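Sequential numbering from 10 applies to the sequence shown in my numbering. Heads up, the beta-carbon is just placed ideally off N, CA and C, and yes, glycines get one too. These numbers come from a predicted model, not from an experiment. I have placed the structure first, in the form of structure tokens, so that the comments after it can refer back to it.
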Amino acid sequence: MKWVIIGILAVGVVAIGLSVAGQSPSATTPVAIDPGAVAAGEQLYQANCAACHGPDLRGTAVGPPFLDVIYAPNHHSDESFQRAAEVGVQPHHWNFGPMPAVGANAGLTRDDVALIVAYVRSEQEAAGIFNDPSH
Numbered sequence: 010m011k012w013v014i015i016g017i018l019a020v021g022v023v024a025i026g027l028s029v030a031g032q033s034p035s036a037t038t039p040v041a042i043d044p045g046a047v048a049a050g051e052q053l054y055q056a057n058c059a060a061c062h063g064p065d066l067r068g069t070a071v072g073p074p075f076l077d078v079i080y081a082p083n084h085h086s087d088e089s090f091q092r093a094a095e096v097g098v099q100p101h102h103w104n105f106g107p108m109p110a111v112g113a114n115a116g117l118t119r120d121d122v123a124l125i126v127a128y129v130r131s132e133q134e135a136a137g138i139f140n141d142p143s144h
């Protein structure tokens with residue numbers, strides 16, 4: 010009986026391993042940053058995000074900085090930015106008020122937010138905090 014249980018557990022572990030190995034890369038896996046996307050994202054960021062997060066991504070009195078390891082891809086995935094734009098965010102890392110949903114309200118599509126994220130990731134990389142292994 011002991012060997013049957015061990016065999017079942019071994020099959021389960023192998024099945025889980027194969028399932029995970031066959032999945033696509035996680036949402037935190039950064040993609041190559043396209044210069045055209047970065048330029049378009051910078052324009053969208055300045056028009057839609059800079060008032061709260063700062064024109065230099067260093068934050069303001071009402072919004073946190075994106076040039077912080079907390080927002081590196083290994084801590085906040087690109088999808089986290091999408092969800093924040095779509096549904097807003099309750100404060101959980103900073104002492105700021107809640108971020109309202111800004112996506113559709115500001116006329117931003119998921120593609121627009123992806124361009125903004127490309128710009129943010131580019132600036133994070135330039136600042137040396139892109140995928141910081143310490144977090």
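Given residue i as reference, the closest of the options once Cα atoms are compared
| i | options | result |
| --- | --- | --- |
| F139 | D77, G50 and C61 | D77 |
| A93 | A48, P109 and I42 | P109 |
| F105 | P44, P74 and V96 | P74 |
| P107 | Q52, C61 and A81 | C61 |
| Q91 | G50, P64, D120 and A81 | D120 |
Close-in-space but distant-in-sequence residues of the same chain around residue i (CB under 6 Å, 5 per side omitted)
| i | result |
| --- | --- |
| Q55 | none |
| Q133 | F139 |
| A46 | L124 and A127 |
| G50 | L124, I125, A127 and Y128 |
Own chain, CB closer than 7 Å to residue i, minus 5 neighbours either side, in chain order
| i | result |
| --- | --- |
| C58 | I125 |
| T118 | none |
| P100 | G106 and P107 |
| L27 | Its pLDDT being 38, under 50, L27 is placed unreliably in this model, and the coordinates cannot settle the point. |
| V162 | Absent from the structure is residue 162, since the part of the chain shown begins at 10 and ends at 144. |
Range covered by the alpha helix (DSSP H) that runs through residue i
| i | result |
| --- | --- |
| P44 | P44 to N57 |
| L124 | R119 to A135 |
| A113 | Counting along the chain, A113 falls outside any alpha helix (DSSP H), and DSSP gives it neither H nor E. |
| D87 | D87 to V96 |
Residue i: CB within 7 Å of a non-hydrogen atom of the ligand FMN
| i | result |
| --- | --- |
| A110 | Absence of the ligand FMN from the depicted structure is noted, as is the absence of any ligand whatsoever, leaving it without description. |
Cβ shell of residue i (< 8 Å), same chain only, five flanking positions each side left out
| i | result |
| --- | --- |
| I42 | A127, R130, S131 and E134 |
| G137 | none |
| H102 | P73 and I79 |
TODO: Check whether the stretch 84–99 touches the stretch 60–70, taking contact to mean three or more Cβ pairs, one atom from each stretch, closer than 8 Å.
DONE: no
Open item on the list: I'd like to know if the stretch 95–114 and the stretch 128–138 are in contact, where contact means that at least 3 CB-CB pairs between them fall below 8 Å.
Closed with: Taking one beta carbon from each stretch, the stretch 95–114 and the stretch 128–138 have fewer than 3 pairs nearer than 8 Å; the two do not touch.
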